[in-house]
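Asks:
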Amino acid sequence: MAYDKNDRRPNKRGRKKVCAFCVEKVETIDYKDTAKLGRYTSDRAKILPRRVTGTCAYHQRELTTAIKRARHIALLPYTAD
Ligand SMILES: [Zn+2]
115 MAYDKNDRRP NKRGRKKVCA FCVEKVETID YKDTAKLGRY TSDRAKILPR
165 RVTGTCAYHQ RELTTAIKRA RHIALLPYTA D
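All the letters of the sequence shown, read from the start, carry residue numbers 115 to 195 under this note's numbering.
#1: Got a sec: does ligand 1 put a non-hydrogen atom nearer than 7 Å to the Cβ of TYR154?
#2: Is there contact between the region 187-194 and the region 162-176, where contact requires at least three CB pairs shorter than 8 Å?
#3: Could you pull the DSSP bridge partners for ILE161 from this structure?
#4: Considering only residues of the same chain and omitting the five flanking positions on each side of ARG158, which have a CB-CB separation below 8 Å?
#5: In whole angstroms, what is the alpha-carbon distance linking LYS131 and GLU141?
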């Protein structure tokens, strides 16, 4: 009768996310790495905000630049249709 699904509630905001690029010690994000960049865009091809991905300010900036470059040379879509 009890629904365990609703029971898993981490305290407050849940586990703290850590920037994936900092973990990998990436300094510059490769705009040609579409596989990686694609993970930071939504299904509508929008860039996901930091609060969703946990990316730090520095890497979010690098990421945004990389995604915009990739879009410019048509490696990534501007919008999903
Ligand atoms: Zn970072």
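Glycine included, every Cβ here is placed at the ideal spot set by N, Cα and C.
Bear in mind that the values here come from a model prediction, so they are computed numbers and not experimental data.
Replies: For this structure:
#1: On the sequence shown, residue 154 is found 40 positions in, with the first residue counted as 1. No, since every heavy atom of ligand 1 falls outside the 7 Å radius drawn around the Cβ of TYR154.
#2: no
#3: For the purposes of this step, residue 161 is identified with residue 47 of the sequence shown, where counting begins at 1. For ILE161, which the question treats as bridged, DSSP gives the partners THR155.
#4: Within the sequence shown, residue 158 is the residue found at index 44, counting from 1. Excluding residues within five positions, the ones whose Cβ falls inside 8 Å are THR193 and ALA194.
#5: If you number the sequence shown from 1, residue 131 lands on position 17. If you number the sequence shown from 1, residue 141 lands on position 27. Taking the straight line from one Cα to the other gives about 19 Å.
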